[in-house]
Each structure stands twice: as C-alpha cells, then as structure tokens.
Amino acid sequence: MKVFNFRLEAVLKLRKSHRDKALEALGHAAKNADVLRKQISSLENKLNTVQAQITQNRRNNFSGQQEESFQGNLKNIRKSILDVHVNLQNALRMQDAKRKIFIMADADHKSLLNLKEKKSLEFHYTESKKEE
C-alpha cells in the first residue's frame with residue numbers, strides 16, 4: 001500500500017503560518033485596546049478626584065487663583081480623556097480589521113485542512129479498492 005502524500009503540504013504550512021501571524025496581530029490589537037481602556041479609567045478617576053477636591057475647597061474659602069489652577073487641571077484631564085477616547089476608537093477599528101483578517105486566514109487554513117482530509121480519505125478508499 002502506498003503512503004498518502006498531500007501535494008499542497010507547503011501551501012498548508014504557509015496558510016497555518018499566516019493564520020498564526022494574524023492571531024498574534026489580533027492579540028496585540030486587543031491588548032492595545034485594553035491598555036487604552038485602562039488609561040481612560042485612570043483619567044476618569046483622576047477627574048473625579050480633582051472634582052472632589054474642588055468641592056471640598058469651595059466649602060473652605062477657595063481663592064480665585066486656586067480655582068483657576070483646578071479648572072485648568074480639569075480642562076487638561078478632560079482633553080486627555082477625549083484624546084484617549086479617539087485613540088481607543090482607532091484601536092477598536094484596528095482590532096476589528098485584525099479580527100476579519102484572522103477569520104479569513106483561519107477559514108483558508110481550515111478549508112485546506114478539509115481538502116487534505118478529503119483527499120486522504122479518497123486515497124485510502126482507492127487503495128483499499130485496489131487491494132480487493
């Protein structure tokens with residue numbers, strides 16, 4: 001009995017490599033989005049802390065200069081939050097694009113695996129018929 005030889009084995013390995021790289025890129029994109037979410041959370045906590053300080057200081061005779069300083073700080077934090085939100089939206093779009101690339105690469109790999117399996121079954125069926 002002959003041994004089954006899949007002629008597209010090199011293509012299968014290439015598609016698996018492409019799938020693995022796409023999965024890695026998707027992981028990096030997801031990690032980047034998570035880092036940005038944590039930055040937003042941190043900035044929002046900082047904003048809440050500054051707002052609480054302003055509230056406390058207003059109860060205890062707040063000078064105009066201190067008020068301006070805190071308001072400037074609030075403005076900078078809000079701007080930072082907006083900037084990070086924009087970066088997060090870009091990261092999420094990138095993650096979606098990477099996910100689509102991975103899905104396509106995975107489908108290509110699986111279709112070639114299915115073809116290999118089908119050809120193997122056909123080969124073994126043909127070989128068993130020859131032996132009979």
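If you use this note's numbering, the sequence shown corresponds to residues 1 to 132, in order. We treat Cβ as the ideally placed atom computed from N, Cα and C, and that holds for glycine. Note that the structure is a prediction, hence the values are computed from the model and not measured.
Self-check item: Span of the alpha helix (DSSP H), counted from its first residue to its last, around PHE102
Solution: Working through the sequence shown from its first residue, we reach residue 102 at position 102. Taken as a continuous stretch (DSSP letters only), the alpha helix (DSSP H) holding PHE102 covers 64 to 131.
Self-check item: C-alpha gap between LYS21 and SER42, whole angstroms
Solution: For this step, residue 21 is matched to residue 21 along the sequence shown. For this step, residue 42 is matched to residue 42 along the sequence shown. If I take the Cα positions, the gap works out to 32 Å.
Exercise. With DSSP as the reference, label ASN61 as helix, strand or coil.
Key: For this step, residue 61 is matched to residue 61 along the sequence shown. Note: ASN61 maps to coil in three-state DSSP.
Quiz prompt | Inter-residue CB distance, HIS109 and PHE4 (contact presumed, cutoff 8 Å) | solution = In the sequence shown, counting from the first residue as 1, residue 109 sits at position 109. In the sequence shown, counting from the first residue as 1, residue 4 sits at position 4. No, HIS109 and PHE4 are not in contact; Cβ-Cβ is about 19 Å, not under 8 Å.
Quiz prompt | Euclidean distance between Cα positions of ALA10 and LYS98 | solution = If you number the sequence shown from 1, residue 10 lands on position 10. If you number the sequence shown from 1, residue 98 lands on position 98. If you take the alpha carbons of ALA10 and LYS98, they lie about 24 Å apart.
Practice problem: Would you mind sorting GLN95 into buried or exposed? The rule is 16 or more other CB atoms within 10 Å of its CB. | Solution: As a position in the sequence shown, residue 95 is number 95, starting the count at 1. Buried, because 16 or more other Cβ atoms sit within 10 Å of the Cβ of GLN95.
Quiz prompt | Per-residue DSSP class, three states only, for VAL50 | solution = As a first step, residue 50 must be located in the sequence shown, where it is residue number 50. Shown here, VAL50 sits in a helix according to DSSP, grouped into three states.
Quiz item: Would you call LEU26 buried or exposed, if buried means 16 or more other Cβ atoms sit within 10 Å of its Cβ?
Solution: As a first step, residue 26 is located in the sequence shown; it is residue number 26 there, counting from the start. By the 10 Å Cβ count, LEU26 comes out buried.
Quiz item: Are the segment 113 to 129 and the segment 35 to 52 touching by the rule of at least three beta carbon pairs closer than 8 Å?
Solution: The segment 113 to 129 makes no contact with the segment 35 to 52; the number of CB pairs closer than 8 Å stays below 3.
Quiz prompt | Three-state secondary structure (DSSP) of LYS2 | solution = Sequence index remark: in the sequence shown, residue 2 carries index 2 (1-based). The DSSP-derived three-state label of LYS2 is coil.
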